[in-house]
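Visitor: Numbering (the working numbering), first residue to last: 185 to 406.
The structure is given below, and queries will be raised subsequently.
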């Protein structure tokens, strides 16, 4: 009798490189492609009403973006005031939500250094959801330990909601917090996260000046 062929381990249809570079070209998510292929990210984002955020396709103006961040004034974490071309622009969470066409529901929370303390958020549950039942929330989190679809979601979070220039191999506390809410469909206040992250970019030296398309949309609004 012929030898029984060895089982070939199943491989993902699309390698990680495709997820990282093809579907997010120009930082616009190809919803039609993802929906046709049954990628769960469509359901996760749609449940939060975030399709408009991932569909912004506007030109970016490097000098205006630089001026935007340089001239952020010290304000509270729920609003932001800047000076661009000698004009003062101020907006808060409701205004930004209106500009972007996305909801502003959900609890407000922000902590760049540690896990966010929130009565509606359990860090252990979050880590187990993302990394498995045996994961330890005290350890550092890496994308190599995420499932393929969760890695794709992480890249989307890091390009649209909490943009960064590098370090995509590591998952920060705020990124995990955001992913947890998207996957479980618990409401999350994305405009609040964006305003806080803009403040954080302003406060850090050599930070990536993200939100290019969003800043263009903000300036067009005013």
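Heads up, the beta-carbon is just placed ideally off N, CA and C, and yes, glycines get one too.
Predicted model only: the values in this text are computed from it and were never measured.
How many angstroms separate the CA atom of residue 256 from the CA atom of residue 245?
Guide: Working through the chain shown from its first residue, we reach residue 256 at position 72. Working through the chain shown from its first residue, we reach residue 245 at position 61. Taking the straight line joining both Cα atoms gives about 17 Å.
Visitor: My output table needs one value for residue 271: the three-state DSSP class, helix, strand or coil.
Guide: Here the question's residue 271 lines up with position 87 in the chain shown. Strand at residue 271.
Visitor: Can you tell me which of 376, 339, 294 puts its alpha carbon nearest to the alpha carbon of residue 358?
Guide: Within the chain shown, the letter at position 174 stands for residue 358. Checked all of 376, 339, 294; the closest Cα to residue 358 is 294.
Visitor: Can you give me the Cβ contacts of residue 371 inside the same chain, cut-off strictly under 8 Å, excluding the 5 residues immediately before and after it?
Guide: Your numbering for residue 371 matches position 187 in the chain shown. Counting only Cβ-Cβ distances below 8 Å, and skipping sequence neighbours, we find 232, 287, 289, 290, 291, 365.
Visitor: Looking at the structure shown, is residue 377 part of a helix, part of a strand, or coil, going by DSSP?
Guide: To locate residue 377, count along the chain shown from 1; it is residue 193. Helix.
Visitor: Within this structure, are the beta carbons of residue 268 and residue 252 separated by less than 8 Å?
Guide: Indexing the chain shown from 1 puts residue 268 at position 84. Indexing the chain shown from 1 puts residue 252 at position 68. It is a contact, given that the beta carbons lie within the stated cut-off.
Visitor: Tell me the DSSP secondary structure of residue 363 in three-state form.
Guide: Position 179 of the chain shown holds residue 363. Helix.
Visitor: So does residue 252 have its beta carbon nearer than 7 Å to some heavy atom of the ligand COA?
Guide: The ligand content of the structure shown is nil, which means the ligand COA is not present either.
Visitor: Shortest alpha-carbon distance to residue 225 belongs to which of 406, 403, 368?
Guide: Along the chain shown, one-based indexing puts residue 225 at 41. Per the Cα distances, 368.
Visitor: Check the DSSP bridge columns for residue 305 and list the partner residues they point to.
Guide: Translated into the one-based positions of the chain shown, residue 305 becomes position 121. In DSSP, residue 305 forms a bridge with 302.
Visitor: To the nearest angstrom, report how far apart residue 396 and residue 312 are at their CA atoms.
Guide: As a first step, residue 396 is located in the chain shown; it is residue number 212 there, counting from the start. As a first step, residue 312 is located in the chain shown; it is residue number 128 there, counting from the start. Going by the C-alpha atoms only, they are around 33 Å apart.
Visitor: May I ask you to report which of helix, strand or coil DSSP gives residue 311?
Guide: One-based indexing of the chain shown puts residue 311 at position 127. Residue 311: helix per DSSP, three-state reduction.
Visitor: With 16 as the cutoff for other CB atoms within 10 Å, does residue 325 come out buried or exposed?
Guide: Position 141 of the chain shown, counting from 1, holds the residue named residue 325. Looking at its Cβ environment, which holds 16 or more other Cβ atoms inside 10 Å, residue 325 is buried.
Visitor: How far does the alpha helix (DSSP H) with residue 252 in it reach, from first residue to last?
Guide: Start at 1 with the first residue of the chain shown, and residue 252 comes out as number 68. Per DSSP, residue 252 belongs to the alpha helix (DSSP H) from 246-254.
Visitor: Go ahead and label residue 388 buried or exposed: buried means 16 or more other beta carbons lie within 10 angstroms of its beta carbon, across all protein chains shown.
Guide: Here residue 388 is taken as the residue at index 204 of the chain shown, counted from 1. That one is exposed.
Visitor: Quick check on the DSSP output: the alpha helix (DSSP H) that includes residue 333 runs from which residue to which?
Guide: In the chain shown, residue 333 corresponds to position 149, counting from 1. Note, residue 333: alpha helix (DSSP H), 332-340.
Visitor: Answer yes or no: do residue 398 and residue 240 have a C-beta to C-beta separation smaller than 8 Å?
Guide: To locate residue 398, count along the chain shown from 1; it is residue 214. To locate residue 240, count along the chain shown from 1; it is residue 56. Contact: yes.
Visitor: Taking C-alpha atoms, which residue in 337, 213, 278, 258 lies nearest to residue 402?
Guide: Locating residue 402 in the chain shown gives position 218, where the first residue counts as 1. Among 337, 213, 278, 258, the Cα nearest to that of residue 402 belongs to 278.
Visitor: Roughly how many whole angstroms lie between the Cα atoms of residue 327 and residue 360?
Guide: Along the chain shown, read from residue 1 onward, the residue named residue 327 stands at position 143. Along the chain shown, read from residue 1 onward, the residue named residue 360 stands at position 176. When rounded, the distance between both Cα atoms is 10 Å.
Visitor: At the level of alpha carbons, what is the spacing between residue 392 and residue 345?
Guide: Residue numbering aside, residue 392 sits at position 208 when the chain shown is read from its first letter. Residue numbering aside, residue 345 sits at position 161 when the chain shown is read from its first letter. Distance between the alpha carbons of residue 392 and residue 345 is about 13 Å.
Visitor: In whole angstroms, what is the alpha-carbon distance linking residue 220 and residue 351?
Guide: For the purposes of this step, residue 220 is identified with residue 36 of the chain shown, where counting begins at 1. For the purposes of this step, residue 351 is identified with residue 167 of the chain shown, where counting begins at 1. Residue 220 and residue 351: Cα-Cα distance of roughly 30 Å.
Visitor: Could you pull the start and end residues of the alpha helix (DSSP H) that residue 278 belongs to?
Guide: Taking the chain shown and counting its residues from 1, one reaches residue 278 at position 94. Its alpha helix (DSSP H) spans residues 277-284.
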